[in-house]
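K.L.:
The sequence shown runs 65 to 307 under my numbering.
The structure's right below; bear with me while I get my questions together.
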Amino acid sequence: MGNWTKITLFCFFLGQFQVVFAQNNEKEENSWKSKWTISGYHKALYQYNSINPSFVPQNSPIPLPVVQLNTSDYLYHNRINARFYGKNFTFAAGMRNRVFAGYTNSNFNTLRDDGTLPFSGYDDFLDYTHQDGFIPLNIPWFQSKIASALSVFDRFYIDLDREKWHLRVGRQRINWGINQQFNPNDLFNPFNLFDIDYEERPGVDAIRYERYTGLLSSWEISYAPADSVKNHVAAFRYKTNYS
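Structural data, given as structure tokens:
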């Protein structure tokens with residue numbers, strides 16, 4: 065074992081909220097208020113890093129720049145989920161709002177120039193923190209040395225559900241796997257296993273059609289477009305049950 069130490073400390077603060085438009089009488093049963101649900105949460109993440117100076121080699125062929133040995137970063141995360149239940153369809157939207165502050169945000173240019181961060185600009189860094197879709201649904205509010213803010217719609221789709229079939233169009237999560245780490249959903253929704261601040265996981269702009277062929281059987285086809293042909297993703301799945 066080497067004589068080096070790196071300590072990373074994470075602290076969470078979590079708060080939830082939910083708004084449901086209740087029905088007071090029969091007249092309001094079909095009103096627009098009775099068809100909406102809004103929920104979400106607030107979360108604050110604090111990260112502290114401490115590196116032992118002896119870990120940094122003095123005469124190394126590969127430089128390991130360490131501008132500061134003890135650093136702190138802060139992240140405020142707000143989540144908003146909205147659903148509208150129509151007569152023959154359901155509309156869903158999920159927005160991820162985040163504010164970045166701390167050492168990385170304040171010293172981004174220095175960390176980029178010395179090679180510590182592999183990003184050409186702060187916009188690339190913000191893009192790295194979420195998965196871009198075929199349709200741009202992200203809003204960079206502001207960027208400064210004090211803080212930076214970014215909003216991303218990672219869910220934005222319409223559901224059509226009938227007796228024999230189901231169709232979903234828009235930014236969604238296509239989860240075909242059952243394992244906790246690598247599974248087939250990585251075809252459409254690759255994600256970072258170390259991103260502990262993203263329980264919902266990223267979505268993808270896609271069209272998904274499922275046909276029910278029996279009580280426990282169905283087939284499904286999904287397609288996700290991309291800017292280049294080689295990045296297009298299309299897949300077919302059939303599932304059934306034998307007893």
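We put the CB at the ideal spot given by N, CA and C, even for glycine.
#1: In the DSSP output, what is VAL293 paired with across the bridge?
#2: Grab me the residues of TYR221's own chain with a C-beta within less than 7 Å of its C-beta, minus the 5 sequence neighbours each way, in chain order.
#3: ASN305 and LEU280 - do their beta-carbons sit closer together than 8 Å?
#4: Beta-carbon within less than 6 Å of ASN169's beta-carbon, same chain only, minus the 5 sequence neighbours each way: which residues are those?
#5: Is ARG219 helix, strand or coil when you go by DSSP?
#6: Quick check: the Cα distance between GLY66 and PHE206, rounded to an integer number of angstroms?
#7: Reducing DSSP to helix, strand and coil, say where PHE300 ends up.
#8: State the start and end residues of the unbroken alpha helix (DSSP H) segment that holds PHE172.
#9: Taking the alpha carbon of VAL293 as the point to measure from, which residue in ARG275, PHE198, ASP218 and ASP223 has its own alpha carbon closest?
#10: Roughly how many whole angstroms lie between the Cα atoms of SER136 and TYR302?
#11: Look at LEU214 and ARG162 and say whether their C-beta atoms are less than 8 Å apart.
#12: Could you tell me the distance, in whole angstroms, from the CA atom of ASN171 to the CA atom of ARG143?
#13: Can you tell me the Cα-Cα spacing of LYS99 and SER282, whole angstroms?
#14: What's the gap between the Cα of ASN116 and the Cα of ASN173?
#15: Rounding to the nearest angstrom, what Cα-Cα distance links ARG111 and PHE164 in this structure?
#16: Using 8 Å as the threshold, is the C-beta distance between VAL268 and PHE252 below it?
#17: Going by alpha carbons, who is nearest to SER286 out of GLY278, GLU274 and ASN295?
#18: Compute the beta-carbon to beta-carbon distance between ILE102 and ALA146, rounded to the nearest angstrom, for a pair I have assumed lies under 8 Å.
#19: Helix, strand or coil for THR277 per DSSP?
#20: Would you call the CB atoms of GLU284 and ARG272 closer than 8 Å?
#21: Check for me: the beta strand (DSSP E) holding LYS228 runs from which residue to which?
#22: Under DSSP, the beta strand (DSSP E) around SER282 begins and ends at which residues?
#23: Which class does LEU201 belong to by DSSP, given the choice of helix, strand or coil?
#24: Please list, in chain order, all residues of the same chain as TYR149 whose beta carbon is under 7 Å from its beta carbon, the five residues on each side excluded.
#25: Cβ of THR168 less than 8 Å from any chain C Cβ?
P.N.:
Looking at the coordinates:
#1: Bridge pairing for VAL293: absent [DSSP].
#2: Within the same chain, TYR221 has close Cβ partners ALA156, ARG232, VAL233, GLY234, ARG235 and GLN236.
#3: Cβ atoms of LEU280 and ASN305: closer than 8 Å.
#4: Cβ within range, chain order: SER212.
#5: Residue state, collapsed to three classes: strand.
#6: Confidence at GLY66 is low in this model, with a pLDDT of 44, below 50, so the placement of that residue should be treated as unreliable; the coordinate-derived value is given next. Roughly 42 Å between the two C-alpha positions.
#7: Looking at PHE300 - three-state DSSP - the assignment turns out to be strand.
#8: For PHE172, the uninterrupted alpha helix (DSSP H) segment begins and ends at 172 to 177.
#9: Out of ARG275, PHE198, ASP218 and ASP223, the CA that lies nearest to the CA of VAL293 is found in PHE198.
#10: Whole-angstrom Cα-Cα distance: 48 Å.
#11: Yes, these two residues count as a Cβ contact at 8 Å.
#12: Going by the C-alpha atoms only, they are around 27 Å apart.
#13: Rounded to whole angstroms, LYS99 and SER282 show a C-alpha spacing of 29 Å.
#14: Looking at the backbone, the Cα of ASN116 and that of ASN173 are separated by about 24 Å.
#15: Here the sequence assigns Gln to residue 111, which means Arg is not the residue at that position. Looking at the two C-alpha atoms, the distance is approximately 11 Å.
#16: With respect to PHE252, VAL268 sits close: the two C-beta atoms are nearer than 8 Å.
#17: Nearest Cα to SER286 within the set GLY278, GLU274 and ASN295: GLU274.
#18: With a Cβ gap of about 5 Å, ILE102 and ALA146 count as contacting.
#19: When DSSP states are grouped into helix, strand and coil, THR277 belongs to the coil group.
#20: A contact, by the Cβ cut-off of 8 Å.
#21: Taken as a continuous stretch (DSSP letters only), LYS228 belongs to no beta strand (DSSP E), as it is neither H nor E.
#22: Start and end: 282 to 288.
#23: Coil at LEU201, not helix or strand.
#24: The beta carbon of TYR149 sits closer than 7 Å to those of LYS99, all from its chain and outside the five residues before and after it, given in chain order.
#25: Among the protein chains of the structure shown there is no chain C, as only one such chain exists.
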